[in-house]
Every structure is written in structure tokens, then in C-alpha cells.
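Order-wise, the sequence lines are chains Y and S.
So for the first sequence, UniProt numbering puts the first residue at 1; every next one is plus one.
So for the second sequence, UniProt numbering puts the first residue at 1; every next one is plus one.
We put the CB at the ideal spot given by N, CA and C, even for glycine.
This report concerns only the one structure given below.
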Amino acid sequence: MATEVLMPALSPTMEEGTLAKWLVKEGDEVASGDIIAEIETDKATMEFEAVDEGIIGKILVEEGTEGVKVNTPIAVLIEEGESADDIAAPAAAQADTDAPETADAPVEAKAAAQPITPVAPTETDIPEGTEMRATTVREALRDAMAEEMRADDTVFLMGEEVAEYQGAYKISQGLLDEFGAKRVIDTPITEHGFTGLATGAAMGGLKPIVEFMTFNFAMQAIDHIINTAAKTRYMSGGQMSCPIVFRGANGAAARVAAQHSQDYAAWYAQIPGLHVAMPYSASDAKGLLKTAIRDENPVVFLENELLYGQSFDVPVMDDYTVPFGKARIWREGNDLTIVSFGIGMKYALEAADALAEDGISAEVIDLRTLRPLDYDTVLNSVMKTNRCITVEEGWPVASIGNHISATIMERAFDYLDAPVINLTGKDVPMPYAANLEKLALVTTKEVIDAAKAVTYR
Amino acid sequence: MAARKSAPKKSAKSNTSKEELLGFYREMLLIRRFEEKAGQLYGMGLIGGFCHLYIGQEAVVVGLEAAAKDGDKRLTSYRDHGHMLACGMDPKGVMAELTGREGGYSKGKGGSMHMFSTEKHFYGGHGIVGAQVPIGTGLAFADKYLENGGVTFTYFGDGAANQGQVYESFNMASLWQLPVIYVVENNQYAMGTSLQRSSSTPDIYTRGEAFGIPGEAVDGMDVLAVKEAGLRATEHCRSGNGPYILEMKTYRYRGHSMSDPAKYRTREEVQKIREERDAIEHVRDLILQGKHASEDELKAIDKEIKGIVNDAAEFSKNSPEPALEELWTDIYA
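Printed below as a string of C-alpha cells:
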């Protein structure tokens, strides 16, 4: 019986990839475990093995094809005596109906395809007529590091797999080639140690960028981030400086379960002495990271794996920076304010689109940095709309949303026409099962429902 | 690169100059008198919180500072007053920090365990046991990166020697050949837990063997032996050979902190070491035996030191508390 060979998902967040090379041709016999193709994901090139044995009856996707969606049939495996022509068409049709069930990662694949443009950007520091280029968050982060490393010899990058592997999530791609092993340093797997070491190097006159493969692993090192990096300036009466950036993937990725899916935004935002940035778009990722590297203070820079491959317009400028403590209004509106940051912005913006269709005009604010936090932009908006909901992926207890609610209550209580609603991840460790994981995360529908609740619709 | 044990022994006396011996005597005495005064001020309620005295261990920092060059860095744990005095920080500024006053090195905001001097390359004063070890390794990383020829003296105790981050640091320091000297001040007790009850091996200097880091045991009560070992270590580091471990066998006479019940060792044990191995008495004997100074001359030094310490205490009492606005400063650049 003929079997389809489907485009594999080779990482938890992979939605599509390039079929780089076929290592077999039609008519070849393959056994289970034989390498039949090379597939390029956004992170790496990987070898793809046959799972079944048979004869390659037909190759459906030519080598060199980019953007092949996961679960698309790429070849047909037949048994001896069968013909591939008979089964190719129905096989493809069947795969289409399967796809939505098996490939429902939290980020919809379509979002990756086209650049997202802010509806009402408040940025005024981009000169009119500046060229905008579609750039992924991944490229934007790499560009920011490369530009700052070119400008300042004391800036270096350190972390697990940042050099020869080119970054576990390919953020540091190409940096080793340009800057060499002195400045792009693979560390042993030793978070506690290398975080302390980099913090010491910052005190010794360098400007380290520490990449955590994910922030979950930074819990091994959190003593140095908080007790050493954040507090030393104060404890030394202002004598000591610790200019260091701790960056890496934060929050839930896809199906990586409890120990690899935690949002640390609220944790770090609580610490005086730290700056905390959590960008959503590629332009903010670039502009904020450049600001972070130049900052004389320690910065925790929280990225999101699901956003790495997303494209946004980034201004083509020699030196594009985004200041800390300045929120961005992505969409202006009159009926309610939606405050979010990081990947929460995805749900906020999707909800705002849907709400507009129902005649509800939502103002959407991306905080961009959590410390310093742009209270004024939030408060001014709430004074206009009189209603507010907050959206984040972290846990509900002592969340960023809680803090914003308290601030609004203290400083704009009389303007409120409805209680502020905080949308957060659920109060559970992240489950593995796909359906439960979906349930644990905040959803666009929850944002829409909350918006309707505060507007009494 | 095997660790080698230089059995505790009194150092050769012949090749040490009169000036050097008298210098050691003054510096060690300054630390001891300073710490005694700090203990008194603590008892009077002028110093609060935790206060860890260095009495008994003076030869370690004084000997190693004699092996350091300008630009070398040093950092240690919370038992840090001696290190600060030995590297030339002003006793007034240190004492005023202990009393939490504006004239303190951290403007009163750091306290006993958290003091720094960028001028003297003293990088703390760290309150978390063992945390200074990767930080010191990072300072050495910066020295190597900047190619400035500096060496970092990273001090930690026998208690900290059981922290995982120490070995994470050893691994990276050896892997990257960083110019760092790990100085283990083995005073026999991690708070109240003796080495025998906390360490699977009696010697800490051998713990670098797995990483290819040479180490040696040193009589930490003999300032001359300490200096000689320090010169071997700095030579090793400055020649680009990577890290080095010095385990200083020393002893603390006072409690872990001011609130130590002293139930874990006998009074006789402390007394015996004070009588037989005291570092200051040792140098005093060398001076007198070598006829480098008379009893009267040493008394004059004692008096001078007492004056310095009394001035520091007066300064620390009279310096005002930090202005209330200081609560909000020095958090960000």
C-alpha cells in the first residue's frame, strides 16, 4: 500500500521549512532509518529519515522549495508493483484536511507570511520617507547585536551554543564569523557559573551580552542577576557599574511543557536596579536591544521563541534605537484600552481586529519595557476610554496586569466605568497535551470576551 | 599539574628585610585593632546587622597584598574588613560604612558585607556565600580580554568551597586560562560546621586537580609563607598559565558573626592556636629576634595604630547618617 511521506516538524515551533535536498530519487528503495532528505528549518538544517520501507514512487516537492508547510506530502512511498500516479492526488487532498489538527501551534502559520504593520504607530523618531524592510524578529536581534559589537569592542556575546552552532535559535547566526571566538563565546552548560562570570566581566569594564537558551534555565543563575547585577550599584553607593544584557527566549514555546514554558516578566519587573524589556515586533526587538546593550544598567531582555520567525517592518536606518519606558500605541481607539507586551500583543491585536468588526474601538498599547514602565501612556488612554483590560502570558498572581490595575485604581479611579480585567495564563504548570496547553494560555477569544464584558456588550 | 602540599612550616627568616617585617607587623596589627574596635562598636549598638570579624586570619590578606601589583583586583565574601584595610582603603571610610553613615565607602547603603572601592580595585564584599567566585573569575576574564596583565585574587572560605558555582568557575577559568588566583581561607569552620563535618576530603587545594588547576596548601598563619606562595601564584597567572589555587590554613578566633554561640568548639582549642600560631606574635618574634626593632619601637607602632583606629571610630560616630534622599539614589546609572 502506498504511503505518503509528510513534511516533518523538526522543532516544537516549526510551521514550515525548506526542502533543501533530496538524497533519494524516484525508484530508489529505502529502509526505515535511511536518510532521504535534508530539511532546513529557521534554526538548523536537519536530516530527514524514512520511517517506513518501500520504494520512492513519486517526489511531490522538488528540492530547493521554500516554505513547505509541515504535514504537506512531499513524496509517496510505494510497494513493489504499485504505481505512484494512481495515488498522488488523493493523498495530497487528504493531507490538507489533516493539517489543521496536527499543526495547531499557538501561532497561526499565516502570520509569518506577511509583515505586520502598526495601525497607528506613535513613533516619531523615524524620518518620513525612511525605507521599511520586512525583517524577522530573529534577524532584528542579530542585527542589533552585530551593530553594537561593531561600534564597541568591549561588547561580547556569551552563552550556550551561540558561536559554532550559530545559536540554539539561530539568533547569533554569522556573529562568530564576523567577530571571532574572542567575542562570540560558547560556554559550557553552566548557567550559574557563566552568569556570575559575565557579571564580573561587566564590573571589570566589559559589556557582556549573556544569552540564555531560554529564561527557564536562568533560574539556575537568578542569584547573580538579582543579588549581584541588580544590587551592586546601590550597595556600592554608586561606585560600581554593571552594564550587562541578559537575553533569551522567555515564556511558552510550543509543547515543551512545564519546565520550559514560563513567563518571567513579572518576576524581573519587580527588581529595582534592573531594566526589563519585552518586545513584540522586530523593530522594537532591534531598537530596544541596541538601547539595552548601551545601557549602563543591567537589562533583562525577554524574547519569545514563537515570535522569532515573525516578520515586521523595520526601518532601514544607520542607528535605530527605541528608548526604554516609552510604550507604543499600535492602534488608537475610544471604547476600551488593551494593555499588553511581548506575545500578548498578538492576542491583543487580533482581538482588536475582531472587536472593530463588532463596532468596538479598542486602543492597543504595547508596553515594550516593564521597568521602566510607561504609566502615563496607559493612564492617558484609560482616561479617554474609561475601560481597560490587560493581556499577558504569565501567571495571574502578582502579574503585570495586577500592578497596572492597582496603578489605574490609585491614579484614575474616577475615570473607570468598569473593573479592570487581567487576562493571564492559567494558574497551573504548563501541561504537555496540546488541548490542555491551549487551555492554559491566554487566547484571542478570551480577550474579545473580556473587552465585551468591560464595554457591557 | 598535580596539586602539591607544602606542609605548614615556618618560613625562612633570613631574606626578609626589616622594612618588610615592620610593614607586615603594622598592617596585621591595624586589622586586628580595627576589628576589635568594630566588635566594641557593635556591642554599643553603633554597628548593626551582621558583622564578621577577621581576627586571627590577618596574615592571609597582608601576605598576599605583598605579592600583588598595581592594578590587580581583589574580592571576597562578607568577612571583608581585613581585605579592605590591606589593600589600602581608608579605615575611616570602612568604619563609617559599618556604622551606616554618609562617610562610609557605600554612603552607608551597603554595610559590613557590601563595600567596594574602584580606586583600590576592591570588588566587594559579597553577602552570598560563594557568589564572589564566578564574579572574580569574570574580572579575570575582563583582564585577559583587555590584555592588561592584571590578576584577580578571589578569596572564599572553606564553607564556600562546597558551592557548585566554585567548580563551574574552576572549569571555565581553566578552560579559558584566566588569570585568577583562588584563595581558600580555610579557617576550619563554616559558621559552626567544621571542615571534618562538611567536606569529604581534608584538603581543599586538591579540588582543582580535576580541572588541571595547580594548588598548594599554605600556612596561612605565617605571613612570609603566604607572600612567597602569592608570588608563585601571581607568576603562574601572569605567565599566561591560567588559574591557581592557594589553600590558606588559618583560623578565626572570634565567632562566625557577632551572634555566635561558640558551642561548636572549645575555648581551649581557640586558646591553643592563639598561643602557638598567632600570626602577629610570629612576626613580632622575628623582629625582636632579628633585632630589627626594640620593644619600645614596637610599642610606638602599637600606639600609632591605636590612634588610627580611634580616629576611624570617632569619624564613624560623627559622620552623619545618609540624607533621606539617598534612599532613592544609585539604583540606576
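Problem set entry | Run of the beta strand (DSSP E) containing Y/Asp366, from where it starts to where it stops | 362-366
For this session: Specify the secondary structure class of Y/Thr65 as computed by DSSP and reduced to three states.
Result: strand
Problem set entry | Simplified DSSP state of Y/Thr337, which is helix, strand or coil | Reduced to three states, the DSSP call for Y/Thr337 is strand.
For this session: Please go through the same chain and pick out, in chain order, the residues whose beta-carbon is closer than 6 Å to the beta-carbon of Y/Thr228, but skip the five residues on each side of it.
Result: Thr199
Exercise. Given a threshold of 16 other Cβ atoms within 10 Å of its Cβ, counted over all protein chains shown, does Y/Leu373 qualify as buried or as exposed?
Worked result: buried
Exercise. Straight-line CA distance for S/Thr266 to Y/Phe217?
Worked result: 45 Å
For this session: Measure the alpha-carbon distance for S/Gly100 versus S/Pro322 and round it to whole angstroms.
Result: Rounded to the nearest angstrom, the two C-alpha atoms are 8 Å apart.
Problem set entry | Interface residues of chain S facing Y/Tyr234 [CB-CB closer than 7 Å] | Lys109, Asp330, Ile331
For this session: Pull up the CB-CB distance for S/Thr76 and S/Gln165, whole angstroms please, since I reckon it's below 8 Å.
Result: S/Thr76 to S/Gln165, Cβ: 15 Å. No contact.
For this session: Within its chain, find whatever has a CB closer than 6 Å to the CB of S/Ala140; leave out the 5 residues flanking it on each side and keep chain order.
Result: Thr152, Leu178, Pro179, Val180
Exercise. Closest Cβ-Cβ distance between S/Glu20 and chain Y: below 8 Å?
Worked result: Cβ-Cβ to chain Y under 8 Å: no for S/Glu20.
Problem set entry | With 16 other Cβ atoms within 10 Å as the buried cut-off, status of S/Leu175 | exposed
Exercise. Is the segment 331-339 of chain Y touching the segment 271-289 of chain Y in the sense that three or more CB pairs, one from each, lie closer than 8 Å?
Worked result: no
Problem set entry | With 16 other Cβ atoms within 10 Å as the buried cut-off, status of Y/Gly17 | Buried is the call here.
Exercise. Of all the residues that make up the segment 294-323 of chain S, which are near chain Y by a beta-carbon distance shorter than 7 Å?
Worked result: none
Exercise. What residues from chain S crowd round Y/Asp223, counting only those whose CB sits closer than 9 Å?
Worked result: Near Y/Asp223 (Cβ distances below 9 Å), the residues of chain S are Ile128, Ala131, Gln165.
Exercise. Cα separation between Y/Lys445 and Y/Ala144?
Worked result: Each residue's Cα considered, the two are about 34 Å apart.
Exercise. How is the beta strand (DSSP E) around Y/Met158 delimited, first residue to last?
Worked result: 155-159
Problem set entry | Listed by chain order, chain Y residues near S/Pro134 by CB distance under 8 Å | His192, Gly193, Phe194, Thr195, Gly196, Leu197, Thr199, Gly200, His224
For this session: Starting from S/Leu146, find everything on chain Y with Cβ-Cβ shorter than 7 Å and list it in chain order.
Result: Gly205
For this session: May I ask you to list, following chain order, the residues of the segment 219-253 of chain S that have a beta carbon less than 8 Å from some beta carbon of chain Y?
Result: none
For this session: Determine, using beta carbons only, whether Y/Gly238 comes closer than 8 Å to chain S.
Result: yes
Problem set entry | Residue-chain proximity (S/Thr137, chain Y), Cβ-Cβ < 8 Å | yes
Problem set entry | Under 7 Å by beta carbon: chain S residues contacting Y/Ser241 | Neighbours of Y/Ser241 on chain S, chain order: Ala333.
For this session: Please report how far the alpha carbon of Y/Val416 lies from the alpha carbon of Y/Thr390, in whole angstroms.
Result: Before going on, a small fix: residue 416 of chain Y reads as Leu here, not Val. Computed Cα separation, rounded: 14 Å.
Problem set entry | Within-8 Å CB hit, S/Asn171 to chain Y | yes
Exercise. Straight-line CA distance for S/Tyr332 to Y/Arg233?
Worked result: 7 Å
Exercise. Leaving out five residues before and five after Y/Leu349 in sequence, what residues of the same chain have Cβ atoms less than 8 Å from its Cβ?
Worked result: Within the same chain, Y/Leu349 has close Cβ partners Ile116, Trp330, Arg331, Val364.
Exercise. Are the CB atoms of Y/Gly81 and Y/Ala2 nearer to each other than 8 Å?
Worked result: no
For this session: State the CB to CB distance for the pair Y/Val442 and Y/Tyr347, rounded to an integer number of angstroms; the pair is presumed to be in contact (CB under 8 Å).
Result: 6 Å
Exercise. Y/Ala258 to Y/Ala9, Cα distance in whole Å?
Worked result: 21 Å
For this session: Measure from the C-beta of Y/Asn227 to each C-beta in chain S and report whether the shortest distance is under 8 Å.
Result: Taking 8 Å as the CB threshold, Y/Asn227 lines the interface with chain S.
Exercise. What's the C-alpha gap between Y/Thr214 and Y/Ala249?
Worked result: 5 Å
For this session: Could you check which residue in Y/Glu164, Y/Ala168, Y/Val322 has the C-alpha nearest to that of Y/Asp177?
Result: Here the closest residue by C-alpha is Y/Glu164.
For this session: Compile a chain-ordered list of the residues in the segment 286-302 of chain Y whose CB is closer than 7 Å to at least one CB of chain S.
Result: Glu296, Asn297
For this session: In the DSSP assignment, find the beta strand (DSSP E) that holds Y/Glu128 and state where it starts and stops.
Result: For Y/Glu128, no beta strand (DSSP E) encloses it, and the DSSP letter there is neither H nor E.
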